[in-house]
Amino acid sequence: MAKIEVKNLSKVYGNSPEKAIELMEKGKNNEEIRKRTKQVVGVRNVSFSVEDGECFVIMGLSGSGKSSLLRCLNGLNRASTGSILLDGQDISRVNTQELREIRRNKIAMIFQRFALLPHRTVRDNVVYGLEVQGIEKEKRNEKVMHYLKLVGLEAWADYYPSSLSGGMQQRVGLARALATDPDILLMDEPFSALDPLIRQEMQEELIELQKKLQKTIIFITHDLDEAIKIGDRIALMKDGEIVQLGEAEDILLSPATEYVGRFVQNVDRSKALTASAVMVKARSVVYPKDGPLVALHIMERHSMSGLFVTDRKGVYMGHITADDALRIAESKERQIDSIIRQEAPTVSPDTTLADILEIVAYTQIPVAVVDEDNILKGVLVRGSVIAGLAGERMDA
Amino acid sequence: MDQIPRIPINKWTDTGIDYLQAKWGSSFEIFSEHMEELILSLQDLLIALPPGLIIIIFALLAWRFAGKKVAMFAIIGFYLIYNVNLWEYTMLTLAMVISAVVLCIIIGVPLGILAAKRIGAHRIIWPILDFMQTLPAFVYLLPAVTFFGLGVVPAVIATLIFAMPPVIRLTTLGLKQVPEELIELGHSFGSTFSQMLFKIELPLARPTIMAGINQCIMLSLSMVVIAAMIGAKGLGGEVWRAIQRMEIGNGFEAGLAIVVLAIVLDRITQSFGKSNN
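Sequence lines, in order, name chains A and B. Everything in the first sequence is counted per our numbering, starting at 1 for the first residue and increasing by one. Everything in the second sequence is counted per our numbering, starting at 1 for the first residue and increasing by one.
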């Protein structure tokens, strides 16, 4: 079962949302609804589900409804219609006491402007959630120091937030959210207020932490590069609706609407696309038992000067060159296994184009893409990498 | 214009006061007695303490919260008061101001919280505050005497009416100024109403509330002469007597003592609001 399941969720701001919802069902757009009913549509019939341990990014420009949506997930906004199931429990229908318990134990939030309490030290900020839970003092302090260490701020425990830099303040926010050991983290543009370099550092740290902690994260951002870097899946929002939902590459390679397309245009594709998106099929391979004449014949046919070698199961073994094959053909050897070279670099399907470019630039032959079981998945040729950067898929 | 007969607000008021007096008069008396006891014992305590000790306490408070200069000023100012034989009167006034301000805080801060939290309460409380702040003090001096007799209790009640509005107003303002994100923070961690209030809202509103209390103290001090007209003793009484006898010098001395007290209390309480991140 999904960790979070949102079904047909809408959020309307105003005193009589029913009218707006009625118009919404008739397909009127938000602007029209606002003019006719004075109700503001924040979220419009949104459905999605998030798996346990997934990092789900909601992306959109300001006013797209992403913050409204996020705040529905922990009940800061009460949904107007639809349901939000957390582990099967509909939080849009729980009472105040149940909602409080869910917020205390299951779901924590990280804020764009950090939301640290200025009258409390770093330690006392992190302890807040535990204090609210009513956990006794000694146990509290132990946990706090653990999480402060996790974000690298144990030396700052007794300082006030005002003496910390933005990046450090957000780490305090992160430690505070983690301290109650929630399953779900709601992150509301957590890095938007930070300098670009600090932002990148924090993104990487979050990715590292996530490997360890495996939380279910809902991450909001207006920055597509950030979304691609962090998200397992991305939902793109406009006017309260999700216009496209999928993995980064789906969105980059096949934008669902013109709007998404424009969004995607300016993204740094070299960091977004991976080898699997731009590799071409390895059209021809040879097996170690094949003879040099067979290999030469294949090379001639495809006008290539080398070939990849795999075993019968597709496990990558290396490559051979035409010169070597010619040499052993003259000496009447019957198998090419003696001339397999292994010095050529390989990449995994997850390698980003930025990293591939470096390799491709210094390598003579195409680069093999192999997975964790060393199976040859495809081949990178210069043409396909460049086409990927330019935003077109090159069909092999 | 003259079609409608005169509306007898004056008679209604008199009838209302008479009714309250007849119905609750004895309760007012009992309340008045208890309160008088409290205020008088505070006065006795302040007078019984050696002046040197009180000067040192004020100097230390001023030094701790407002700096060296204010501490020096407190020492010199209070010594001057002692020197011109106004010490006891000053203590009487101080006791009355403390009583009034403590009551203002006890009543005003919760009302301020209520007004910040409930729009309905806000709608009721706000016009009453306007009324309290603009109604001339002399108008409610008389009913205060009717209910509580002459002396320090009606003086404190009159002071209360005059000095409480800023406490309520600024408490409400302070709570409303708490950043939205911090309110969300509190809710998102599942805080209860009282956890929100005591761990987030009140600490953040503290500087503003302190400004309200500071205003309350200053307004209380500015009421002491008016309070003297209904029998409160102290510096206000001295000024009032000096006025009646045309003793300009004595009047000036007592007035000066009020100013010294005001400045010291003002500087100390002003810095309460600031002395924290």
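Note that CB positions come from ideal geometry on N, CA and C, so glycine has one too.
Quiz item: Quick one: does Leu170 (chain B) have its CB under 9 Å from some CB of chain A?
Solution: By 1-based counting over the second sequence, the position of residue 170 (chain B) is 170. For Leu170 (chain B), the answer is no, since every Cβ of chain A falls outside 9 Å of its Cβ.
Quiz item: How close, in whole Å, do the beta carbons of Pro207 (chain B) and Gly273 (chain B) come, if the pair is a contact with beta carbons under 8 Å?
Solution: Along the second sequence, one-based indexing puts residue 207 (chain B) at 207. Along the second sequence, one-based indexing puts residue 273 (chain B) at 273. About 4 Å; that satisfies the 8 Å criterion.
Exercise. Report yes if the C-beta distance between Phe111 (chain A) and Asp188 (chain A) is below 9 Å; otherwise report no.
Key: Locating residue 111 (chain A) in the first sequence gives position 111, counting from the first residue. Locating residue 188 (chain A) in the first sequence gives position 188, counting from the first residue. Yes. Within cutoff.
Quiz item: Can you list, in chain order, the residues of its chain whose CB lies under 6 Å from that of Ala396 (chain A), leaving out five sequence neighbours each side?
Solution: Your numbering for residue 396 (chain A) matches position 396 in the first sequence. Any reading at Ala396 (chain A) must be qualified, since the residue scores a pLDDT of 38, below 50, and its modelled position is unreliable; no value is offered.
Quiz prompt | the region 189-213 of chain B: positions lying closer than 8 Å to chain A by Cβ | solution = Phe189, Gly190, Ser191, Thr192, Gln195, Lys199, Ile200, Pro203, Leu204 and Arg206
Quiz item: Is the Cβ-Cβ distance between Gln133 (chain A) and Asn95 (chain A) less than 9 Å?
Solution: Here residue 133 (chain A) refers to the residue found at position 133 of the first sequence. Here residue 95 (chain A) refers to the residue found at position 95 of the first sequence. The answer is no: Cβ separation not under 9 Å.
Exercise. Could you run through the region 116-136 of chain B and flag, in chain order, every residue whose CB is less than 7 Å away from some CB of chain A?
Key: none
Exercise. Check the Cβ of Leu185 (chain B) against every Cβ in chain A and list those closer than 7 Å, keeping chain order.
Key: Reading the second sequence from its first residue, position 185 is the one you call residue 185 (chain B). Neighbours of Leu185 (chain B) on chain A, chain order: Phe111 and Ala115.
Quiz item: Nearest to His122 (chain B) by CA position, among B:Ile168, B:Asn214 and B:Pro8, is which residue?
Solution: Residue numbering aside, residue 122 (chain B) sits at position 122 when the second sequence is read from its first letter. Out of B:Ile168, B:Asn214 and B:Pro8, B:Ile168 has the C-alpha closest to the C-alpha of His122 (chain B).
Practice problem: Return the CA-CA distance between Leu40 (chain B) and Glu88 (chain B), expressed in angstroms with no decimal places. | Solution: Locating residue 40 (chain B) in the second sequence gives position 40, where the first residue counts as 1. Locating residue 88 (chain B) in the second sequence gives position 88, where the first residue counts as 1. Cα to Cα, the separation comes out at about 13 Å.
Quiz item: Is the number of C-beta pairs between the region 111-118 of chain B and the region 214-221 of chain B that are closer than 8 Å three or more?
Solution: no
Exercise. Closer than 7 Å by beta-carbon distance: list the chain B residues that pair up with Asn74 (chain A), in chain order.
Key: In the first sequence, counting from the first residue as 1, residue 74 (chain A) sits at position 74. Neighbours of Asn74 (chain A) on chain B, chain order: Ser188.
Practice problem: Please state if the CB of Phe308 (chain A) and the CB of Val57 (chain A) are separated by a distance shorter than 9 Å. | Solution: Looking up residue 57 (chain A) in the first sequence gives position 57. Looking up residue 308 (chain A) in the first sequence gives position 308. Going by C-beta atoms, Val57 (chain A) is not nearer than 9 Å to Phe308 (chain A).
Practice problem: Check the Cβ of Gly129 (chain A) against every Cβ in chain B and list those closer than 7 Å, keeping chain order. | Solution: What you label residue 129 (chain A) is simply residue 129 of the first sequence in a count that begins at 1. Result: Phe189.
Quiz item: Curious, which full-length beta strand (DSSP E) runs of at least 3 residues does the region 205-275 of chain A contain?
Solution: 216-221, 233-238 and 241-246
Quiz item: Out of curiosity, what's the CA-to-CA distance linking Arg341 (chain A) and Gly306 (chain A)?
Solution: Counting from one through the first sequence, the residue named residue 341 (chain A) turns up at place 341. Counting from one through the first sequence, the residue named residue 306 (chain A) turns up at place 306. Taking the straight line from one Cα to the other gives about 11 Å.
Practice problem: Whole angstroms is fine: what's the gap from Ile57 (chain B)'s alpha carbon to Ala257 (chain B)'s? | Solution: As a working note, residue 57 (chain B) is residue 57 in the second sequence. As a working note, residue 257 (chain B) is residue 257 in the second sequence. For Ile57 (chain B) and Ala257 (chain B), the distance between alpha carbons rounds to 18 Å.
Exercise. Could you have a look at Met109 (chain A) and say whether DSSP puts it in helix, strand or coil?
Key: Taking the first sequence and counting its residues from 1, one reaches residue 109 (chain A) at position 109. Reduced to three states, the DSSP call for Met109 (chain A) is strand.
Quiz item: Is the Cβ-Cβ distance between Asp290 (chain A) and Gln364 (chain A) less than 9 Å?
Solution: One-based indexing of the first sequence puts residue 290 (chain A) at position 290. One-based indexing of the first sequence puts residue 364 (chain A) at position 364. No, these two residues do not count as a Cβ contact at 9 Å.
Quiz item: Nearest chain B C-beta to Glu101 (chain A) closer than 9 Å, yes or no?
Solution: Translated into the one-based positions of the first sequence, residue 101 (chain A) becomes position 101. Answer yes: the Cβ-Cβ gap between Glu101 (chain A) and chain B drops below 9 Å somewhere.
Self-check item: Check whether Asp90 (chain A) and Ser80 (chain A) have beta carbons under 9 Å apart
Solution: Along the first sequence, one-based indexing puts residue 90 (chain A) at 90. Along the first sequence, one-based indexing puts residue 80 (chain A) at 80. Contact flag unset, no.
Quiz item: Between His119 (chain A) and chain B, is there a C-beta pair that is closer than 9 Å?
Solution: The residue given as residue 119 (chain A) occupies position 119 in the first sequence. Yes, contact with chain B.
Quiz item: Glu136 (chain A): buried (16+ other C-beta within 10 angstroms of its C-beta) or exposed?
Solution: For the purposes of this step, residue 136 (chain A) is identified with residue 136 of the first sequence, where counting begins at 1. Glu136 (chain A) should be labelled exposed.
Exercise. Have a look at Glu138 (chain A) and Asp181 (chain A) and give me their C-alpha separation to the nearest angstrom.
Key: The residue labelled residue 138 (chain A) in the question sits at position 138 within the first sequence. The residue labelled residue 181 (chain A) in the question sits at position 181 within the first sequence. C-alpha separation (whole angstroms): 17 Å.
Quiz item: Grouping DSSP H, G and I as helix and E and B as strand, with all else coil, what is Val6 (chain A)?
Solution: Here residue 6 (chain A) is taken as the residue at index 6 of the first sequence, counted from 1. Correct three-state label for Val6 (chain A): strand.
Quiz item: Leaving out the 5 sequence neighbours to the left and right, which residues in its chain are closer than 7 Å to Phe48 (chain A) when beta-carbon positions are compared?
Solution: Numbered from 1 along the first sequence, position 48 holds the residue referred to as residue 48 (chain A). So the qualifying residues of the chain are Val6, Ala235, Ile242 and Leu245.
Practice problem: Closer than 8 Å by C-beta to Glu372 (chain A): which residues in its own chain qualify, once you throw out the five before and the five after it? Chain order, please. | Solution: Here residue 372 (chain A) corresponds to residue number 372 of the first sequence, with the count starting at 1. Closer than 8 Å at Cβ, skipping near neighbours: Ser348.
Exercise. Assign Asp373 (chain A) to one of three DSSP states: helix, strand, or coil.
Key: Stepping through the first sequence from its first residue, residue 373 (chain A) is reached at position 373. Looking at Asp373 (chain A) - three-state DSSP - the assignment turns out to be coil, as it is neither helix nor strand.
Quiz item: How many Å lie between Gln360 (chain A) and Asn374 (chain A) at the Cα?
Solution: Within the first sequence, the letter at position 360 stands for residue 360 (chain A). Within the first sequence, the letter at position 374 stands for residue 374 (chain A). Note on residue identity: the sequence assigns Val, not Gln, to residue 360 (chain A). About 19 Å.
Self-check item: For Ala211 (chain B), the three-state DSSP class (helix, strand or coil)
Solution: Against the second sequence, residue 211 (chain B) aligns to sequence position 211. Helix, per DSSP.
Exercise. Please report the Cβ distance between Val313 (chain B) and Ala254 (chain B), rounded to the nearest whole angstrom; I am assuming they are in contact, meaning their Cβ atoms lie under 8 Å.
Key: Residue 313 (chain B) cannot be examined here, being either before or after the span of chain B that is shown, 1 to 277.
Quiz prompt | Outcome for Asn277 (chain B) when other beta-carbon atoms lying within 10 angstroms are tallied against a minimum of 16 | solution = To locate residue 277 (chain B), count along the second sequence from 1; it is residue 277. Confidence at Asn277 (chain B) is low in this model, with a pLDDT of 40, below 50, so the placement of that residue is unreliable and no value is reported for it.
Quiz item: Based on the DSSP secondary-structure assignment, which residues constitute the bridge partners of Gly82 (chain A)?
Solution: Translated into positions along the first sequence, residue 82 (chain A) becomes position 82. Partner(s): none; Gly82 (chain A) has no beta bridge.
Quiz item: Which chain E residues are close to Leu182 (chain B), counting only those with a beta carbon under 8 Å from its beta carbon?
Solution: Given the protein chain composition of this structure (A and B), no chain E is represented.
Quiz item: What does Ala368 (chain A) pair with, by DSSP beta-bridge criteria?
Solution: In the first sequence, counting from the first residue as 1, residue 368 (chain A) sits at position 368. A:Thr346 and A:Val379.
Self-check item: Cβ-based burial, Phe193 (chain B) [other Cβ within 10 Å; buried from 16]
Solution: Working through the second sequence from its first residue, we reach residue 193 (chain B) at position 193. Burial call: exposed.
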